[in-house]
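Worksheet: one structure, shown below.
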Amino acid sequence: MIPPIANKFVAGETAESAVSHVESLNRDGVSGILNLLGEHYSDRRGADADAEAYVSLVRDVAAADIDGCISVKPSQIGIDVSDGVFRENLNRIVEAASEEDIFVWVDMEDHTTTNVTLDAVCDLGHETDGTVGVCVQANLKRTPDDLERLASVPGKVRLVKGAYNEPASVAHKKKAKVDEVYRDLLEYMFAEFDDGVAVGSHDPAMLSYARELHDEYGTPYEVQMLMGVREDAQRELAAEGVDVWQYAPYGDKWFQYFYRRVRERKENALFALRAVVGV
Ligand code: FAD
Numbered sequence: 001m002i003p004p005i006a007n008k009f010v011a012g013e014t015a016e017s018a019v020s021h022v023e024s025l026n027r028d029g030v031s032g033i034l035n036l037l038g039e040h041y042s043d044r045r046g047a048d049a050d051a052e053a054y055v056s057l058v059r060d061v062a063a064a065d066i067d068g069c070i071s072v073k074p075s076q077i078g079i080d081v082s083d084g085v086f087r088e089n090l091n092r093i094v095e096a097a098s099e100e101d102i103f104v105w106v107d108m109e110d111h112t113t114t115n116v117t118l119d120a121v122c123d124l125g126h127e128t129d130g131t132v133g134v135c136v137q138a139n140l141k142r143t144p145d146d147l148e149r150l151a152s153v154p155g156k157v158r159l160v161k162g163a164y165n166e167p168a169s170v171a172h173k174k175k176a177k178v179d180e181v182y183r184d185l186l187e188y189m190f191a192e193f194d195d196g197v198a199v200g201s202h203d204p205a206m207l208s209y210a211r212e213l214h215d216e217y218g219t220p221y222e223v224q225m226l227m228g229v230r231e232d233a234q235r236e237l238a239a240e241g242v243d244v245w246q247y248a249p250y251g252d253k254w255f256q257y258f259y260r261r262v263r264e265r266k267e268n269a270l271f272a273l274r275a276v277v278g279v
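So in the UniProt record's numbering the end of the sequence shown lands on 279, straight run, no missing numbers.
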């Protein structure tokens with residue numbers, strides 16, 4: 001069972017608890033992106049089992065009739081096993097999701113996986129006419145070229161700053177530079193992406209810049225933030241009419257994810273400490 005201190009960041013251990021979390025988000029006007037926790041399977045069994053769990057999840061989301069979709073990590077469905085296993089599992093998930101009219105996001109992992117991930121998403125984007133979207137990272141130097149490629153692919157793109165510690169040969173390492181590039185890429189997306197822009201950030205500066213760009217270009221956009229991070233802002237933006245999606249992970253592999261959230265920010269560490277000592 002997940003201890004109460006991790007409940008802030010994780011929507012329970014089961015698909016049932018995750019769906020019920022999205023039901024409660026929907027009551028506040030926020031939609032849910034569900035991610036089954038798990039990554040880096042080096043054998044096919046784990047990857048196939050998680051792909052099957054996603055197929056079952058999209059049916060649960062459809063049956064519950066909630067404003068929800070899913071987000072999948074490539075290494076969770078076999079990219080470390082082989083490109084073929086990854087594609088097979090992603091196709092299977094997207095096929096089931098398309099039948100239920102549920103959108104599928106593909107998270108982006110470290111730069112060694114970018115080509116294979118984008119190739120699969122671009123093929124599926126054309127085949128399904130856009131029921132699949134992908135995340136791109138502002139810290140990677142290749143991302144302006146990737147966005148140029150994605151501009152002609154049906155589907156949505158989520159822009160994030162990038163969570164992986166990448167080598168300087170492929171990535172911008174200074175935060176100020178990543179922020180500058182993030183702004184430039186946002187502007188490019190608002191100008192070129194008719195299907196809409198997904199702003200994956202908690203940064204108030206980026207969120208208000210996205211609003212300015214929306215006013216200037218008229219391109220639809222959505223804001224995506226993590227469960228447990230700036231949830232007040234998520235609800236406030238939704239109340240103002242912004243399309244807000246909360247990325248909510250769930251599943252029994254919650255510990256590593258929780259630990260990452262606690263380590264990345266002082267406030268989260270204090271929250272965990274307070275929960276442990278009961279203040
Ligand atoms: P930062 O640059 O970390 O912080 C800027 C400002 O935002 C802070 O000064 C503060 O004002 C505010 N802020 C940030 N965090 C907090 C907090 N915890 N509490 C309060 N205020 C805060 N990365 C990938 O590499 N691949 C992915 O597929 C991916 N998917 C993501 C999906 C979603 C929905 C989100 C939100 C992020 C995802 N990320 C992904 C992570 C992303 O790359 C960043 O590491 C992460 O979002 C931190 O960057 P930031 O833009 O939120 O703000």
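Note that beta-carbon positions come from the ideal geometry of N, C-alpha and C, so glycine has one too.
**OP:** Could you please give the first and the last residue of the uninterrupted alpha helix (DSSP H) stretch that includes residue 318?
**Re:** This structure gives no information on residue 318, because the portion of the chain shown stretches from 1 to 279.
Original post:
At what residues does the alpha helix (DSSP H) containing L147 begin and finish?
Top reply: Numbered from its first residue, the sequence shown carries residue 147 at position 147. Element bounds for L147: T143 to L150.
Subject >> Option nearest A11 by Cα separation, candidates G29, W105, T117 and L34 >> reply: Residue numbering aside, residue 11 sits at position 11 when the sequence shown is read from its first letter. Residue L34 is the option with its Cα nearest to A11.
Subject >> Cβ shell of G78 (< 7 Å), same chain only, five flanking positions each side left out >> reply: Mapped onto the sequence shown, residue 78 falls at position 78. Closer than 7 Å at Cβ, skipping near neighbours: Y41, R44, A47, V85, F86 and N89.
Subject >> Test item: CB-CB of W245 and V30 under 9 Å >> reply: In the sequence shown, residue 245 corresponds to position 245, counting from 1. In the sequence shown, residue 30 corresponds to position 30, counting from 1. Their beta carbons are under 9 Å apart, which means W245 touches V30 by this criterion.
Original post:
Out of P220, R260 and V229, which has the shortest C-alpha to C-alpha gap to G241?
Top reply: Position 241 of the sequence shown, counted from the first residue, corresponds to residue 241. Comparing Cα positions, the closest option is P220.
Original post:
Cβ of A198 within 9 Å of Cβ of G125?
Top reply: For the purposes of this step, residue 198 is taken as residue 198 along the sequence shown, with counting starting at 1. For the purposes of this step, residue 125 is taken as residue 125 along the sequence shown, with counting starting at 1. No; because the gap between Cβ atoms is not below 9 Å, this pair is not in contact.
**OP:** Since I believe A62 is in contact with I102 (beta carbons under 8 Å), could you give me their beta-carbon distance rounded to a whole number of angstroms?
**Re:** One-based indexing of the sequence shown puts residue 102 at position 102. One-based indexing of the sequence shown puts residue 62 at position 62. Sure, about 6 Å apart at Cβ, within 8 Å.
Original post:
Under 9 Å, do I66 and N26 count as touching if we go by C-beta distance?
Top reply: Residue 66 sits at position 66 when you count from the first residue of the sequence shown. Residue 26 sits at position 26 when you count from the first residue of the sequence shown. Yes, they are a contact pair.
Subject >> Per-residue DSSP class, three states only, for L37 >> reply: By one-based count along the sequence shown, residue 37 stands at place 37. Coil at L37, not helix or strand.
Subject >> Start and end residues, beta strand (DSSP E) containing M206 >> reply: Residue numbering aside, residue 206 sits at position 206 when the sequence shown is read from its first letter. No beta strand (DSSP E) contains M206, which is instead part of the alpha helix (DSSP H) from P204 to Y217.
Original post:
To the nearest angstrom, how far is it from the Cα of K174 to the Cα of R260?
Top reply: For this step, residue 174 is matched to residue 174 along the sequence shown. For this step, residue 260 is matched to residue 260 along the sequence shown. Distance between the alpha carbons of K174 and R260: 21 Å.
**OP:** Note down, in chain order, each residue of its chain lying with its Cβ closer than 7 Å to the Cβ of T143, except the 5 sequence neighbours on either side.
**Re:** The residue you call residue 143 lines up with position 143 of the sequence shown. These residues qualify, in order along the chain: V136, Q137 and L185.
Original post:
What three-state label does DSSP hand R158 in the structure shown?
Top reply: For the purposes of this step, residue 158 is taken as residue 158 along the sequence shown, with counting starting at 1. The answer is strand: DSSP assigns R158 an E or B state.
Subject >> Cα-Cα separation between H172 and S82, rounded to whole angstroms >> reply: Locating residue 172 in the sequence shown gives position 172, where the first residue counts as 1. Locating residue 82 in the sequence shown gives position 82, where the first residue counts as 1. Taking the straight line joining both Cα atoms gives about 28 Å.
Original post:
In its own chain, which residues sit with a C-beta less than 6 Å from the C-beta of M189, not counting the 5 before and 5 after it?
Top reply: Translated into positions along the sequence shown, residue 189 becomes position 189. Closer than 6 Å at the Cβ level, and outside the excluded window around M189, lie V197.
Subject >> Every unbroken alpha helix (DSSP H) inside the region 74-112 [4 residues or more] >> reply: 83-100
Subject >> Whole-angstrom C-beta distance between V104 and A97, which should lie under 8 Å >> reply: Residue numbering aside, residue 97 sits at position 97 when the sequence shown is read from its first letter. Residue numbering aside, residue 104 sits at position 104 when the sequence shown is read from its first letter. Right, their Cβ atoms sit about 5 Å apart.
**OP:** Would you check whether the ligand FAD has a heavy atom nearer than 8 Å to the C-beta of C135?
**Re:** Counting from 1 along the sequence shown, the entry for residue 135 is found at position 135. Yes; taking the cut-off as 8 Å, the Cβ of C135 has a heavy atom of the ligand FAD nearer than that.
Original post:
Assuming R158 contacts Q224 under a Cβ cut-off of 8 Å, what Cβ separation, rounded to an integer in Å, is found between them?
Top reply: What you label residue 158 is simply residue 158 of the sequence shown in a count that begins at 1. What you label residue 224 is simply residue 224 of the sequence shown in a count that begins at 1. With a Cβ gap of about 6 Å, R158 and Q224 count as contacting.
Original post:
Buried or exposed: which applies to S201, given that a residue is buried once 16 or more other Cβ atoms fall within 10 Å of its Cβ?
Top reply: Here residue 201 is taken as the residue at index 201 of the sequence shown, counted from 1. Per the 10 Å Cβ criterion, buried.
**OP:** Compare the C-alpha of E39 against each of T14, M227, M108 and S24 and name the closest.
**Re:** Position 39 of the sequence shown, counted from the start, is the residue given in the question as residue 39. Per the Cα distances, M108.
Original post:
By Cβ distance below 6 Å, which residues in the same chain neighbour L155 in space, the five residues on each side in sequence not counted?
Top reply: Counting from one through the sequence shown, the residue named residue 155 turns up at place 155. Residue identity differs from the one stated: residue 155 is Gly in this sequence, not Leu. Here the set comprises G125, G130, V132 and G133.
**OP:** Pull up the CB-CB distance for residue 290 and A210, whole angstroms please, since I reckon it's below 8 Å.
**Re:** Within the shown structure, residues of the chain are numbered from 1 to 279, placing residue 290 beyond reach of any answer.
**OP:** Please name the residue or residues paired with C135 in a DSSP beta bridge.
**Re:** Taking the first residue of the sequence shown as 1, we reach residue 135 at position 135. Paired residues: R158.
Subject >> Distance, L118 Cα to A168 Cα >> reply: For the purposes of this step, residue 168 is identified with residue 168 of the sequence shown, where counting begins at 1. For the purposes of this step, residue 118 is identified with residue 118 of the sequence shown, where counting begins at 1. Their Cα atoms are separated by approximately 21 Å.
Original post:
Below 9 Å between beta carbons: does that hold for A15 and G32?
Top reply: Numbered from 1 along the sequence shown, position 15 holds the residue referred to as residue 15. Numbered from 1 along the sequence shown, position 32 holds the residue referred to as residue 32. Contact flag unset, no.
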